[in-house]
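See structure below.
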Amino acid sequence: GRGPTVPVTDPSEGAAYAVTAAEVERIFREDYGRAVATLARLLGDVGLAEEAVQDALATALEQWPRTGVPPSPTGWIVTTARRRAIDRWRRESTRDERHAQAALLLAQDEPEEVTAVDDDRLRLIFTCCHPALAPSAQVALTLRLIAGLTTAEIARAFLVPEPTLAQRISRAKAKIRDAHIPYRVPDEHELPDRLRPVLACVYLVYNEGYVATSGDSLDRVDLSAEAVRLGRLLVALMPDEPEAVGLLALMLLIVARRPARVADDGSLVLLADQDRSRWDRSLIAQGQDLVRGCLRRNQPGPYQIQAAINAVHSDAAVAADTDWRQIVALYDQLMVVAPSAVVALNRAVAVAEVDGPDAGLALVDRLALHTYQPFHATRADLLRRLGRTDDAVVAYDTALALTTNAAEARFLTARRQALVGP
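Per the working numbering, the very first residue in the sequence shown carries number 20; after that it's consecutive.
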């Protein structure tokens, strides 16, 4: 369903290019969070902002294949969506409401945000993470409004039926509206209590960028960049919060590896196989500097410890030089601070590097993560290393059945094929 393509002349290039429905949807997906955040401030209603962006998408799908992509897609989306919202108000409101809302017609184009407090997307994420909303609703709403994931994608991530997830998001938006939850960055004295869910949601946006829930591409660079941008704003807003600093360090250290993590053909390259000369040393230096600052504070938290683990990886010029014993010790600390089965799985991978794949597999098999794709992918790799080919193939099959990302599926299929032959 890519739709028809029409050659369109780009004045800046002097060449023709084809605009398809799929490309229009991709542009909207990348600009979704920024457009919804801006409109939520202009319109004062998150639900209305999202509906207006959907209306703008319908207009773009009709116009852009004929006229081409505007020079400023985000500006076009915001302007068109605002007009659609005003049209909707005119149709549905009383005369008095129309008079009050007509002032939006005179609204000027908004300047670029220049500070953390003025940032629309930061305001929106604090709104999504308001303590009046349940934690599951906070995360779902953030992934919907900031990351622009579809309801179906979020439902898969939560392992819940799509109608259940849709109802959860609808209730959260209604609560924001009915409880008049303010669309703002909290006052300074409120920030510490509001920080934890905001950090969790920024990290989830980052994770969706790291491995996209669906699609042909392994990752979504736009979401990773947006999460890092939000992380920098949070540190600017709360420079003395070590976990905010830790999260930013963690994201920078992982983003730095992307040039070597994704091959030229878009396929996944495991950490052990990456060409480390392609890592972004500037981002690594920034991340390591932030980690050292966290160590000096001596207030360890989950994001800081995960950042320290990735700092150890970044210290190794080649994979064989990795200090896996230090990584196991850091995972031991993480299991004390924030124990979870997923942390235990990652610790088992590190133990396998220190004590061998059999020791790692023994730890993995104690975990109840049977619906978690990385659990089966990890088991498959450890079984492969132990020469247990038949068991490894079964584990690869299970991992593939749980994989929704096409690039990841191609990687796992290649690993499985290497075991069974043509």
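The C-beta atom is built at its ideal place from N, Cα and C for all residues, glycine as well.
Helix, strand or coil at residue i according to DSSP, with G and I counted as helix
| i | result |
| --- | --- |
| Thr-28 | For Thr-28, the pLDDT reaches just 38, beneath the cut-off of 50, and the residue's location in the model is therefore unreliable, although a value from the coordinates is still provided. In the structure shown, Thr-28 sits in a strand (DSSP, three-state: E or B). |
| Asn-317 | coil |
| Thr-417 | helix |
| His-395 | helix |
| Asp-128 | Confidence in Asp-128 is poor, its pLDDT being 48 and thus under 50, which makes the residue's placement unreliable; the coordinate value appears in the next sentence. Looking at Asp-128 - three-state DSSP - the assignment turns out to be coil, as it is neither helix nor strand. |
| Met-257 | coil |
| Asp-138 | coil |
| Pro-358 | coil |
| Gly-66 | helix |
| Arg-366 | helix |
| Leu-123 | Because Leu-123 sits at a pLDDT of 47, beneath the cut-off of 50, its placement in the model cannot be relied upon, and the following sentence gives the value as read from the coordinates. Helix, per DSSP. |
| Pro-376 | helix |
| Asp-409 | helix |
| Ser-296 | helix |
| Ala-327 | helix |
| Pro-90 | coil |
| Ala-433 | helix |
| Cys-147 | helix |
| Gly-265 | helix |
| Gly-440 | coil |
Residue nearest to residue i in terms of C-alpha spacing, selected from the options
| i | options | result |
| --- | --- | --- |
| Phe-145 | Arg-213, Ala-335, Val-370 | Arg-213 |
| Ala-330 | Asp-374, Ala-282, Leu-269, Trp-298 | Leu-269 |
| Thr-93 | His-208, Arg-48, Pro-393 | Arg-48 |
| Val-356 | Met-257, Gln-323, Arg-163, Trp-83 | Gln-323 |
| Ala-151 | Arg-107, Ser-359, Arg-196 | Arg-196 |
| Arg-251 | Arg-53, Glu-207, Leu-210, Leu-309 | Leu-309 |
| Glu-42 | Ala-75, Arg-109, Val-88 | Val-88 |
| Arg-53 | Ala-79, Ala-246, Val-337, Tyr-222 | Ala-246 |
| Asp-50 | Asp-206, Ser-155, Ala-244 | Ala-244 |
| Pro-393 | Thr-341, Gly-440, Ala-414 | Ala-414 |
| Ala-275 | Tyr-229, Gly-63, Asp-259 | Tyr-229 |
| Ala-387 | Leu-401, Ala-363, Ala-378 | Ala-363 |
Beta-carbon proximity check, residue i vs residue j, cutoff 8 Å
| i | j | result |
| --- | --- | --- |
| Thr-14 | Leu-421 | Nothing about residue 14 can be reported from this structure: the residues present for the chain run from 20 to 441 only. |
| Ala-381 | His-395 | no |
| Lys-194 | Val-65 | no |
| Arg-316 | Tyr-202 | no |
| Leu-168 | Cys-147 | no |
| Leu-237 | Asn-424 | yes |
| Leu-272 | Ser-359 | no |
| Val-361 | Cys-313 | no |
| Arg-227 | Leu-162 | In the sequence under discussion, the amino acid at residue 227 is Glu, which differs from the Arg named in the question. Cβ distance < 8 Å, so Glu-227 and Leu-162 count as in contact. |
| Leu-353 | Gln-325 | yes |
| Glu-427 | Leu-287 | yes |
| Ile-200 | Leu-184 | no |
| Ala-166 | Leu-242 | yes |
| Ala-77 | Arg-101 | no |
| Arg-295 | Ala-255 | no |
DSSP bridge partner residues for residue i (one or two, in chain order)
| i | result |
| --- | --- |
| Leu-287 | Val-281 |
| Asn-424 | Gly-234 |
Any chain B beta carbon closer than 8 Å to residue i
| i | result |
| --- | --- |
| Ala-418 | No chain B appears in this structure, which consists of one protein chain only. |
### Message
List, from N- to C-terminal side, the alpha helix (DSSP H) runs of 4 residues or more that fit wholly inside the region 219 to 244.
### Response
none
### Segments of 4+ residues assigned as alpha helix (DSSP H) that fall wholly inside the region 160 to 227
170 to 177, 181 to 197
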